[in-house]
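Asker: Residue numbers 989 to 1158, in the working numbering, belong to the letters of the sequence shown in order.
Here a beta-carbon is modelled for each residue, glycine too, at the ideal position from N, C-alpha and C.
Only a predicted model underlies this, so the values are computations on that prediction, with no experimental measurement involved.
Got a structure for you, written out below as structure tokens; questions coming shortly.
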Amino acid sequence: MDTELKAIDIDAIINTMADELAQMMERKQIVEPLMIGVHTGGLWVAEKLHQKLGLNKPLGEIDISFYRDDFSRIGLNPQVKPSNIPAKVENEHIILVDDVLYTGRTIRAALNEIFDYGRPDSVTLAVLVDRGARELPLHADIVGVKLDLLPEKQVKLIGPAPLALETNRN
């Protein structure tokens, strides 16, 4: 599987995701969304999408460490970074970007944090990788690539330059 992952052209996938986001924004008549990337890999993908879409509002970034539902089990992430949402969230159309969608728990935590800032008009989820096996009823609106991995395998985006996918065992 690692050989297959190394063959994936992440820049081409992000270009396709940007095209799909642009089409979706046009269909929904969203003129100037607020894009927010989830630390760390989601932020790397969001930076590229933000640039390709030519968005004017500054890119937001969130670290969901304090919002995780397994915080009491796994403890504090030693690399917690501050969140920075540079614009108001109230009445905004948000594009939330993450690198890998698996159980849905990271996205649930990200939504909780966003809603602590206010109530957006909409949230569109864009992910580089959807590996299925949800524990929560969440789905991505824009998906770069779908991977079917065994439960004991983990996929991770490494970067920031160049971006690449790797797998390892839990």
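1) Within 10 angstroms of the Cβ of Met-1111, are there 16 or more other Cβ atoms? Answer buried if so, exposed if not.
2) Grab the span of the alpha helix (DSSP H) containing Ala-1128 for me, first residue to last.
3) Return yes when the Cβ of Leu-1113 is within less than 7 Å of the Cβ of Ala-1128, no when it is not.
4) Counting along the chain, where does the beta strand (DSSP E) carrying Glu-1154 start and finish?
5) Can you tell me where the alpha helix (DSSP H) with Lys-1040 in it begins and where it stops?
6) Anyone know if the C-beta pair for Leu-1145 and Gly-1029 falls short of 7 Å?
7) State yes or no: is the C-beta of Leu-1153 within less than 7 Å of the C-beta of Ile-996?
8) To which residues of the same chain is Tyr-1090 closer than 7 Å at the C-beta, ignoring the five residues directly before and after it?
9) Taking buried to mean at least 16 other C-beta atoms within 10 Å of its own C-beta, is Arg-1036 buried or exposed?
10) Terminal residues of the continuous alpha helix (DSSP H) containing Ala-1098?
11) According to DSSP, is Gln-1142 helix, strand or coil?
12) For Leu-1031, which option in Glu-1080, Pro-1148 and Asn-1156 has the closest C-alpha, if you only look at C-alpha atoms?
13) Indicate the three-state DSSP secondary structure (helix, strand or coil) for Ile-1062 in the structure shown.
14) Near Thr-1004, what residues of its chain come up, given a Cβ to Cβ distance below 8 Å and the 5 sequence neighbours on each side ignored?
15) I'd like the span of the alpha helix (DSSP H) that includes Leu-1116, first residue to last.
16) Could you have a look at Glu-1078 and say whether DSSP puts it in helix, strand or coil?
17) Excluding the five sequence neighbours on either side, which residues of its own chain have a C-beta within less than 7 Å of the C-beta of Pro-1139, listed in chain order?
18) With which residues is Met-1023 paired in a DSSP beta bridge?
Answerer: Reading from the atomic positions:
1) Here the sequence assigns Val to residue 1111, which means Met is not the residue at that position. By the neighbour-count criterion, in which 16 or more other beta carbons inside 10 Å mark a residue as buried, Val-1111 falls on the buried side.
2) Premise fails: Ala-1128 is in no alpha helix (DSSP H) and is neither H nor E.
3) yes
4) 1152-1157
5) 1029-1041
6) yes
7) Against a cut-off of 7 Å, the Cβ pair of Ile-996 and Leu-1153 comes out as a contact.
8) Arg-1119 and Ala-1121
9) Residue identity check: residue 1036 is Lys in the sequence provided, not Arg. Lys-1036 should be labelled buried.
10) 1093-1105
11) strand
12) Pro-1148
13) Because the pLDDT of Ile-1062 is 47, which lies under 50, any placement of that residue in the model is unreliable, and the question is left without a value.
14) If we look at Thr-1004 and ignore the five residues flanking it on each side, its Cβ neighbours are Gly-1132.
15) Counting along the chain, Leu-1116 falls outside any alpha helix (DSSP H), though it belongs to the beta strand (DSSP E) covering 1110-1118.
16) coil
17) Ala-1121
18) In DSSP, Met-1023 forms a bridge with Ile-1083.
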